[in-house]
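Undergrad: Let me begin by handing over the structure; questions about it come next.
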Amino acid sequence: SAYESPIAGEVRHFDPADHVEAKLLRRIDRSTVFALAAAHQALADAGIEMAKEDPRRVGVVIGTGIGSAQLIVEQAAILAEKGPRRVSPFLISHMLPDTATGLVAIQTGARGPNFAITAACATGGATTGEAAEMIARGGCEVVIAGGYEAPLTPVYYAGFNAMKALATADDPTKAVRPFDATRNGFILGEGAGILILEELEHARARGAHIYAEFVGAGTSNDAYDMVAAAEDGHGIAQAMQDALARAGVGVEAIDYINAHGTGTPLNDRVETKAI
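Heads up, the sequence shown is in my numbering, so the first residue is 269 and it goes up one at a time.
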């Protein structure tokens, strides 16, 4: 209520203890719990049985924009109030962008390539594209990929609020209006999304339920500004052009575009130009 933007996408009815044992839970951030929970759900949905896989051929690439936001803030407060001797000895190893990837590997036994990607709002897409490349290069048969975030900590929320990037409507149904003439921002949310990417013949051999085939990705940036996109949308357009070229398809093959759609006045105008 202290902020101009009073709405956030909180994960409700989520008990971290249902997903992480108590000893580890005391050491890690809420965002990391999301990543671990989603990774295990994705593996279960895919029907992957690690005991039947070559662990050296199972990779993990999971990304985050902010990472362990709450853990860092909590430990900074402990330092200020109680001194350096009370800071957790697990802070460094559990605040890293690749803490989640390491813990997923430890819990699943995946011993293939393991790293995190940080690419702001494009992080989840970037990890998915890189996971596909890892398989295409022949280094992996299975990759656990995706993104996670839990930025609903006051200092981070205040930062986004100060940027004037957050929607100001009190009504959640009217807060985010991408590509609408009355748009005025987005809302912060939290959670994780994890996919299992798999070499096609490997998936077929084990009778996996295949949701979709990944055929190509493009990655770019416009080298313009840390927040605003270039007015002509060339960076966004380049990524789409590169993805089409890599996939070997023309624009007529596209049925759906998953836009960034932040609902901010600048982004939606530029993104529309790019499309």
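Idealized CB from N, CA, C, for every residue including glycine.
In the DSSP assignment, find the unbroken alpha helix (DSSP H) run with Val538 in it and report its ends.
TA: By 1-based counting over the sequence shown, the position of residue 538 is 270. Run containing Val538: 533–542, per the alpha helix (DSSP H) assignment.
Undergrad: Looking at Pro284 and Arg298, is the spacing between their C-beta atoms short of 8 Å?
TA: Position 30 of the sequence shown, counted from the first residue, corresponds to residue 298. Position 16 of the sequence shown, counted from the first residue, corresponds to residue 284. Result yes, Cβ atoms of Arg298 and Pro284 sit closer than 8 Å.
Undergrad: Which first and last residues belong to the beta strand (DSSP E) in which Ala430 is found?
TA: Counting from 1 along the sequence shown, the entry for residue 430 is found at position 162. First-last for Ala430: 422–430, but that is the alpha helix (DSSP H), not the beta strand (DSSP E).
Undergrad: Tell me whether Glu469 sits in a helix, a strand or coil according to DSSP, three-state version.
TA: Position 201 of the sequence shown holds residue 469. Note: Glu469 maps to helix in three-state DSSP.
Undergrad: So what does Ala460 bridge to, in DSSP terms?
TA: By 1-based counting over the sequence shown, the position of residue 460 is 192. For Ala460, which the question treats as bridged, DSSP gives the partners Tyr416.
Undergrad: Using 8 Å as the cut-off, can you tell me whether the region 401–420 makes contact with the region 323–334, which would need three or more C-beta pairs spanning the two stretches below that distance?
TA: Three or more beta-carbon pairs separated by less than 8 Å link the region 401–420 to the region 323–334, which places the two stretches in contact.
Undergrad: What residues match up with Gly242 in a beta bridge as DSSP calls it?
TA: The structure shown does not extend to residue 242, since the chain is modelled only from 269 through 543, so no value can be given for it.
Undergrad: Is it a yes or a no for the region 348–365 touching the region 310–317, going by three-plus beta-carbon pairs under 8 Å?
TA: Taking 8 Å as the limit for Cβ pairs, the verdict is that the region 310–317 does not touch the region 348–365.
Undergrad: Mapping the DSSP letters down to three states, classify Asp454 as helix, strand or coil.
TA: For the purposes of this step, residue 454 is identified with residue 186 of the sequence shown, where counting begins at 1. It is Phe, not Asp, that sits at residue 454 in the sequence shown. Strand, per DSSP.
Undergrad: Quick check: what's the CA-CA separation for Ser336 versus Asp523?
TA: Start at 1 with the first residue of the sequence shown, and residue 336 comes out as number 68. Start at 1 with the first residue of the sequence shown, and residue 523 comes out as number 255. Roughly 37 Å separates the two Cα atoms.
Undergrad: Less than 7 Å separating the Cβ of Thr332 from some heavy atom of the ligand FAD?
TA: Although the ligand FAD was asked about, the structure shown includes no ligands whatsoever.
Undergrad: Go through its chain and collect everything with a Cβ distance to Ala433's Cβ below 7 Å, but skip five positions before and after it.
TA: The sequence position of residue 433 within the sequence shown is 165, counting from 1. Cβ neighbours of Ala433 beyond the five flanking positions: Gly453, Phe454, Thr532.
Undergrad: Take Ala500 and list the residues in its own chain whose beta-carbon comes closer than 7 Å to its own, dropping the five residues that flank it on each side.
TA: Position 232 of the sequence shown, counted from the first residue, corresponds to residue 500. For the record, residue 500 in the displayed sequence is Asp; it is not Ala. Taken in chain order, the residues that qualify are Lys541.
Undergrad: Among the residues of its own chain, which have a CB less than 8 Å from the CB of Phe482, if the five just before and after it don't count?
TA: By 1-based counting over the sequence shown, the position of residue 482 is 214. Within the same chain, Phe482 has close Cβ partners Thr396, Ala400, Leu465.
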